[in-house]
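In this note's numbering, the protein residues as written are -16 to 155.
Shown next, in the form of structure tokens:
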């Protein structure tokens, strides 16, 4: 695995954003949410993805919110993840696939992945780091080429554990 930053999509600089955990409220009042983000100069939102068992209407409204954000100049990232996804990523991938089926390519900013498996007591260092990177690659494939993948990683995580060669090159 090689950690690298590749981005062919434009990225807003000096971004200010908000996290929204109540996706029901977000889809019920999308215009208000977007205006509340724009008013203080916000350009990005992370909005929790619906539950896998939510009805199709909630998923459609959520997709419409992401698309509306793109149209209004606010990057709205789908937000999801949980530490156990490193060992059982299928439910998360199914949610991403479901969302992509509702959105035309290029009509959403991407997904903010918040797995953080190193929070689990059973996470094995360094063996599970390869699995972690594999899961990230699998999720990136599910997201596709027309949306970005952003990954939450605690600042205290050591790059050398993820990619010793890159870390050595960075130190030299």
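Glycine included, C-beta positions come from ideal geometry on N, C-alpha and C.
Closest Cα partner of residue i within the set the options
i: residue 85; options: 47, 107 and 6; result: 47
i: residue 165; options: 112, 115, 92 and 36; result: With the chain covering only -16 through 155, there is no way to say anything about residue 165.
i: residue 116; options: 131, 130 and 68; result: 68
i: residue 125; options: 135, 114 and 74; result: 74
i: residue 26; options: -1, 119 and 123; result: -1
i: residue 24; options: 56, 123 and 132; result: 56
i: residue 104; options: 66, 7 and 132; result: 66
i: residue 80; options: 8, 121, 51 and 30; result: 121
i: residue 52; options: 112, 72, 34 and 10; result: 10
i: residue 45; options: 54, 8 and 72; result: 8
i: residue 114; options: 72, 83, 49 and 90; result: 72
i: residue 100; options: 119, 90 and 82; result: 119
i: residue 34; options: 132, 123 and 82; result: 82
Per-residue burial, residue i [other beta carbons within 10 Å of its own, 16 or more giving buried]
i: residue 64; result: buried
i: residue 95; result: buried
i: residue 14; result: exposed
i: residue 102; result: exposed
i: residue 135; result: exposed
i: residue -13; result: A caution first: residue -13 carries a pLDDT of 44, below 50, which makes its placement in the model unreliable, though a value can still be read off. Answer is exposed; the Cβ neighbour count stays below 16.
i: residue 130; result: buried
i: residue 70; result: exposed
i: residue 92; result: buried
i: residue 61; result: buried
i: residue 152; result: Interpretation of residue 152 is limited by its pLDDT of 39, a score under 50 that renders its predicted location unreliable; no figure is taken from the coordinates.
CB-CB length for residue i against residue j, believed under 8 Å
i: residue 88; j: residue 127; result: 7 Å
i: residue 32; j: residue 59; result: In fact, because the Cβ distance is near 11 Å, the residues do not count as touching under 8 Å.
i: residue 50; j: residue 90; result: 5 Å
Residue i: CB within 7 Å of a non-hydrogen atom of the ligand MG
i: residue 111; result: Ligands displayed in this structure: none; no statement on the ligand MG is therefore possible.
Cutoff 8 Å: residue i Cβ touching any chain D Cβ
i: residue 122; result: Among the protein chains of the structure shown there is no chain D, as only one such chain exists.
Whether or not the segment 108 to 118 and the segment 36 to 46 are in contact is what I'm after, with contact meaning three or more pairs of Cβ atoms, one per stretch, closer than 8 Å; do they touch? no
Counting Cβ pairs, one atom from each stretch, are 3 or more of them under 8 Å apart for the segment 18 to 32 and the segment -2 to 8? yes
Inside the segment 42 to 99 only - alpha helix (DSSP H) runs reaching at least 4 residues: 73 to 85
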